[in-house]
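Enquirer:
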Amino acid sequence: MKIKVGIVDTMFSRVDMAAFAVDEIGKKFPGTRIARSTVPGIKDLAIGCLLLEKKERPDVFLALGMVGKADIDRMCAHEASLGIQMAKLLIGKHIVEVFVHELEGKDEADLYSIFEDRTRKHAVNAVLLASDPKQLSKFAGMGKRQGRPDAGPLVVRGKER
Amino acid sequence: MKIKVGIVDTMFSRVDMAAFAVDEIGKKFPGTRIARSTVPGIKDLAIGCLLLEKKERPDVFLALGMVGKADIDRMCAHEASLGIQMAKLLIGKHIVEVFVHELEGKDEADLYSIFEDRTRKHAVNAVLLASDPKQLSKFAGMGKRQGRPDAGPLVVRGKER
Amino acid sequence: MKIKVGIVDTMFSRVDMAAFAVDEIGKKFPGTRIARSTVPGIKDLAIGCLLLEKKERPDVFLALGMVGKADIDRMCAHEASLGIQMAKLLIGKHIVEVFVHELEGKDEADLYSIFEDRTRKHAVNAVLLASDPKQLSKFAGMGKRQGRPDAGPLVVRGKER
Amino acid sequence: MKIKVGIVDTMFSRVDMAAFAVDEIGKKFPGTRIARSTVPGIKDLAIGCLLLEKKERPDVFLALGMVGKADIDRMCAHEASLGIQMAKLLIGKHIVEVFVHELEGKDEADLYSIFEDRTRKHAVNAVLLASDPKQLSKFAGMGKRQGRPDAGPLVVRGKER
Amino acid sequence: MKIKVGIVDTMFSRVDMAAFAVDEIGKKFPGTRIARSTVPGIKDLAIGCLLLEKKERPDVFLALGMVGKADIDRMCAHEASLGIQMAKLLIGKHIVEVFVHELEGKDEADLYSIFEDRTRKHAVNAVLLASDPKQLSKFAGMGKRQGRPDAGPLVVRGKER
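In the order they appear, the protein sequences are chains Z, D, B, A and L.
Heads up, the first sequence is in the working numbering, so the first residue is 1 and it goes up one at a time.
Heads up, the second sequence is in the working numbering, so the first residue is 162 and it goes up one at a time.
Heads up, the third sequence is in the working numbering, so the first residue is 323 and it goes up one at a time.
Heads up, the fourth sequence is in the working numbering, so the first residue is 484 and it goes up one at a time.
Heads up, the fifth sequence is in the working numbering, so the first residue is 645 and it goes up one at a time.
1. Which residues in chain A have a C-beta closer than 7 Å to the C-beta of Glu426 of chain B? List them in chain order.
2. Which residues in the same chain have their Cβ closer than 7 Å to the Cβ of His423 of chain B, if we skip the five residues on either side of it in sequence?
3. Chain Z partners of Val649 of chain L, CB-CB under 9 Å?
4. Who are the Cβ neighbours of Val446 of chain B in its own chain at under 7 Å, not counting the five residues just before and after it?
5. Contact check, Leu404 of chain B vs Leu372 of chain B under 8 Å by CB: the rounded distance?
6. With His78 of chain Z as the anchor, note down where its alpha helix (DSSP H) starts and where it stops.
7. At the 8 Å Cβ level, is Lys189 of chain D part of the contact set with chain Z, yes or no?
8. Of the residues L:Pro797, L:Ala774, L:Lys765, which one's Cα is nearest the Cα of Thr676 of chain L?
9. Decide yes or no for the touch test of the region 493-500 of chain A against the region 773-787 of chain L: beta carbon pairs closer than 8 Å, at least 3 of them.
10. Just the Cα atoms here: how many angstroms apart are Asp44 of chain Z and Gln246 of chain D?
11. Report the CB separation of Leu535 of chain A from Gly489 of chain A in whole angstroms; it is logged as a contact under 8 Å.
12. Please report the Cβ distance between Ile256 of chain D and Ala224 of chain D, rounded to the nearest whole angstrom; I am assuming they are in contact, meaning their Cβ atoms lie under 8 Å.
13. Is there a Cβ from chain D that is less than 8 Å from the Cβ of Ala473 of chain B?
14. DSSP on Arg442 of chain B, reduced to helix/strand/coil?
15. Tell me Thr493 of chain A's beta-bridge partners as DSSP assigns them.
16. Return helix, strand or coil for Met227 of chain D, following the three-state DSSP convention.
17. Quick one: Cα of Arg479 of chain B to Cα of Ala270 of chain D, how far?
18. Are the C-beta of Ser459 of chain B and some C-beta of chain D separated by less than 8 Å?
19. Using 8 Å as the limit for Cβ to Cβ distance, is Met655 of chain L near chain A?
20. Using beta carbons (cut-off 8 Å, strictly below), is Glu79 of chain Z in contact with chain D?
21. Would you kindly report the start and end of the unbroken alpha helix (DSSP H) that includes Val183 of chain D?
22. DSSP three-state label for Phe115 of chain Z, please.
23. For Lys443 of chain B, count the other beta carbons within 10 Å of its own beta carbon; 16 or more makes it buried, fewer makes it exposed. Which is it?
24. Tell me whether Lys216 of chain D sits in a helix, a strand or coil according to DSSP, three-state version.
25. What does Glu375 of chain B touch in chain D if you count any residue whose Cβ is under 7 Å from its own?
26. At the level of alpha carbons, what is the spacing between Ile691 of chain L and Val344 of chain B?
27. Taking 8 Å as the CB-CB cut-off, is Leu637 of chain A touching chain B?
28. When Cβ atoms are compared, which residues of the region 174-204 of chain D fall closer than 8 Å to chain B?
29. So, does the CB of Leu206 of chain D fall closer than 8 Å to a CB anywhere in chain B?
30. Ordered along the chain, which non-local residues of its own chain (more than five positions away) have a Cβ less than 8 Å from that of Lys481 of chain B?
31. Taking 8 Å as the threshold (C-beta atoms), are Arg658 of chain L and Pro153 of chain Z in contact?
32. With a 10 Å radius around its C-beta and 16 neighbouring C-beta atoms as the bar for buried, classify Gly308 of chain D as buried or exposed.
33. What do you get for Val581 of chain A, buried or exposed, if any count of 16 or more other CB atoms within 10 angstroms of its CB means buried?
34. Taking the straight line between their C-alpha atoms, what separation do you get for Met178 of chain D and Ile203 of chain D?
35. Less than 6 Å between C-beta atoms, sequence neighbours within five positions excluded: which residues of the same chain meet that for Asp703 of chain L?
In structure tokens form, the structure reads like this:
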């Protein structure tokens with residue numbers, strides 16, 4: 001049976017992150033069901049997931065948000081993230097947090113590509129966590145990154161794998 | 162049936178934020194019921210919402226507060242905000258947190274306008290979250306802001322929506 | 323019926339904060355019952371309230387403590403405060419946190435007056451929260467302060483209340 | 484009936500803190516029962532207390548640990564401490580947290596004396612919290628310290644107690 | 645009966661930490677059963693442990709992760725760690741958190757050796773916590789370290805053990 005992915009995104013974000021996730025899931029895992037809701041900002045994501053859980057019972061969640069440039073935005077991200085930690089344990093399912101900081105990009109095009117790359121890769125991660133988690137173990141310790149190219153495994157002379 | 166909005170505000174705030182919320186909801190969503198209580202400061206908002214929940218069972222909450230100028234006030238805001246994260250998950254409803262930092266404004270008039278704009282916009286968000294959440298999805302990723310003009314979506318050449 | 327106020331204070335504090343609270347409540351709300359316990363320091367306040375709740379079932383709590391001068395003391399205050407946020411939600415009652423930072427005062431006399439003013443005002447707040455919460459709504463957004471004179475409402479030309 | 488004190492200490496600490504606690508309790512409160520367990524580091528103290536609670540049902544706990552010199556150690560202490568705040572509320576008993584920062588001492592002898600003084604004094608506090616909490620109220624607001632001499636009450640002209 | 649160790653590791657890490665743990669446990673405690681899962685990054689470890697608990701009921705957990713170089717990575721580690729604190733208390737079992745910061749090493753070889761040493765030692769700690777916790781008490785206050793050589797007990801003239 002096909003799994004269902006719950007996607008919660010925000011109006012605050014300057015990029016339509018959910019569109020990337022929906023597109024990626026549609027291409028890589030056709031037939032996957034999607035339940036979606038939108039909240040104002042990242043601090044609303046944790047409860048957004050809990051409410052989506054009650055209504056739609058997805059198998060896994062994506063919590064998508066952008067963190068603004070101001071100092072206060074970093075604190076908000078921290079609070080949002082702790083709320084999401086609590087929500088995961090309360091719901092008992094993975095919520096893959098996809099946060100992009102507005103300051104991460106060198107310029108707007110770079111920032112946009114981080115949004116797209118990170119969201120698409122984590123959308124795949126979310127589906128695999130719920131449907132075939134053994135797939136992730138193949139990449140354990142491999143320095144996988146989302147938003148940027150993989151860091152790759154640490155290579156130390158005499159410690160080759 | 163009309164929804165009920167729970168509004169918890171503070172004596173610490175230097176602006177009557179609840180008045181904006183009540184006015185906005187009355188104009189945009191006439192007939193909406195309002196349940197209100199006031200607490201001393203922002204650290205009392207989370208439990209204030211929980212107690213209002215027990216008495217009035219609103220469909221959604223607005224937690225309205227001002228953050229003072231001192232360093233210690235930022236820490237208080239952080240603690241208050243984490244309390245609100247916990248309260249949301251415990252109650253199982255949205256609590257839209259509307260915090261204005263006293264230092265945000267360029268001057269008092271600017272600060273006042275932030276109070277008004279942020280509170281009015283989030284009052285609308287709160288009502289929609291409880292009554293018609295699909296309305297918010299229209300603005301997903303659109304860079305919506307409260308307190309200031311919208312940032313708008315990120316525009317990158319070749320990535321037009 | 324008269325309410326019961328639970329007061330938890332600390333041995334760490336350099337001022338007998340509970341004495342101010344007891345005196346103020348006795349003068350302003352004669353007949354109010356008081357349940358009291360003392361813990362070593364501010365990190366013990368949250369569980370102190372929970373244990374007092376089990377034994378005495380007060381209607382509202384005052385958690386009274388002093389924050390020392392060292393950097394580490396600020397971190398302790400933060401941890402204590404988060405514990406109190408959790409305790410409020412667990413008990414389902416207001417715990418009015420009255421913290422005075424040893425560094426707040428210009429000198430010892432000023433510091434002492436902050437202790438007294440903040441504790442007395444919050445003792446009144448605590449009683450009203452449990453007995454007549456509508457009284458607090460009269461002061462919503464009025465810039466009330468404890469420890470110092472009120473900041474008062476923000477006055478902006480053309481926005482008079 | 485004699486109370487039982489649960490002591491959880493760490494392998495990370497460079498001083499055998501539990502030995503001070505056991506010695507002090509034995510001298511001051513002979514016949515007190517002690518239940519003890521050791522965990523790797525301070526982040527393991529909260530769950531260590533919960534597991535000791537399940538096995539031994541002590542009346543009160545001592546969580547003993549050293550915080551290292553590095554920046555990262557302070558963050559660990561913060562996380563450990565928040566875990567202990569949660570454990571207290573979950574267990575519903577006092578857990579007296581005795582943390583010594585490796586950087587607190589002027590030299591190793593001074594550091595050692597802080598370890599001993601703080602642990603011994605808090606061991607007494609823990610026993611009293613469980614057996615005779617009224618004893619602590621005698622020292623409310625008296626500026627009691629553990630690890631260093633007492634700060635004592637704030638003395639302000641005209642405000643003598 | 646042989647215990648079962650739950651190991652949760654990440655794709656983000658640049659070293660295969662689980663391999664060290666599995667190897668060490670196999671050598672030191674042959675016959676120990678291992679249940680394993682992999683998550684994207686450290687913020688997924690807490691819920692990863694909870695899900696492994698539901699499926700496999702291990703006796704103890706190892707949560708293995710690398711913390712990246714950026715400022716934001718430290719915040720992530722903090723959030724991940726608080727999630728793990730909550731998970732420990734919710735599950736009621738030890739989760740030995742093994743985090744290595746990418747910046748800890750002087751160079752890549754040094755970093756690699758920290759990964760290996762810390763993971764191997766904590767793998768032993770985890771097994772002992774679940775199977776024979778009294779073994780750890782022998783090292784209480786002995787300044788044990790993982791990742792680096794032991795700091796050893798504080799030696800102060802006249803305070804020899």
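We put the beta carbon where it would ideally sit given N, CA and C, even for glycine.
Predicted model only: the values in this text are computed from it and were never measured.
Expert: The short version:
1. Within 7 Å Cβ-Cβ: nothing; Glu426 of chain B doesn't reach chain A, min ~12 Å.
2. Val389
3. None at all; the shortest Cβ gap to chain Z is about 16 Å.
4. Glu346, Lys350
5. The C-beta distance from Leu404 of chain B to Leu372 of chain B rounds to 14 Å, too long to fall under 8 Å, and the pair is not in contact.
6. 71-91
7. no
8. Considering only alpha carbons, the answer is L:Ala774.
9. yes
10. 8 Å
11. The pair is a contact, with the Cβ atoms about 5 Å apart (cut-off 8 Å).
12. 5 Å
13. yes
14. helix
15. A:Val522
16. strand
17. 8 Å
18. yes
19. Not an interface residue.
20. Yes, its Cβ sits closer than 8 Å to a Cβ of chain D.
21. From DSSP, the alpha helix (DSSP H) with Val183 of chain D extends over 178-189.
22. helix
23. buried
24. helix
25. Result: empty, since nearest Cβ-Cβ is about 13 Å, beyond 7 Å.
26. 46 Å
27. It does: the Cβ of Leu637 of chain A has a partner Cβ on chain B nearer than 8 Å.
28. From the region 174-204 of chain D, only Ser174, Arg175, Val176, Asp177, Met178, Ala179, Ala180, Arg197, Ser198, Thr199, Val200, Pro201, Lys204 have a Cβ closer than 8 Å to chain B.
29. no
30. none
31. yes
32. buried
33. buried
34. C-alpha separation (whole angstroms): 13 Å.
35. By the criterion of a C-beta distance shorter than 6 Å, Asp703 of chain L is surrounded in its chain by Ile647, Lys648, Ala774, once the five residues flanking it on both sides are discounted.
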